[in-house]
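J.:
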Amino acid sequence: MSTVVDAADDGSEGSNPFDGGRIELSDRELRTTSPAAWASRLVSRLDGAATRLVYGRR
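Here my numbering = 1-based position in the sequence shown + 60.
(1) Taking only three categories from DSSP, how would you classify arginine 117?
(2) Quick one: what does DSSP say arginine 101 is sitting in, helix, strand or coil?
(3) To the nearest angstrom, how far is it from the Cα of leucine 106 to the Cα of alanine 99?
(4) Using the three-state DSSP reduction, which class does aspartate 87 fall into: helix, strand or coil?
(5) What is the DSSP secondary structure of arginine 112, reduced to helix, strand or coil?
Encoded structure:
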């Protein structure tokens, strides 16, 4: 039976998890590609429309 330390130790000292290729996006690109950002904008617009409808403001 092995322990977690034994199983995780593959003999390579100092391996960096941030080495290698990665995808980097600017804040603007992230906001335009993120479904959460789309949903947030949609909810804000719907909330504003409902508020105007309920309170009669334009």
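Every residue gets a Cβ at the ideal spot worked out from N, C-alpha and C, and that includes glycine.
Here the structure is a predicted model, which means the values were calculated and not measured.
T.: On the basis of the supplied data:
(1) Here arginine 117 carries a coil assignment [DSSP, helix/strand/coil].
(2) For arginine 101, the three-state secondary structure derived from DSSP is helix.
(3) Inter-residue distance for leucine 106 and alanine 99 is about 10 Å (C-alpha atoms, whole angstroms).
(4) In the displayed model, aspartate 87 falls within a helix according to three-state DSSP.
(5) Three-state DSSP puts arginine 112 in a helix.
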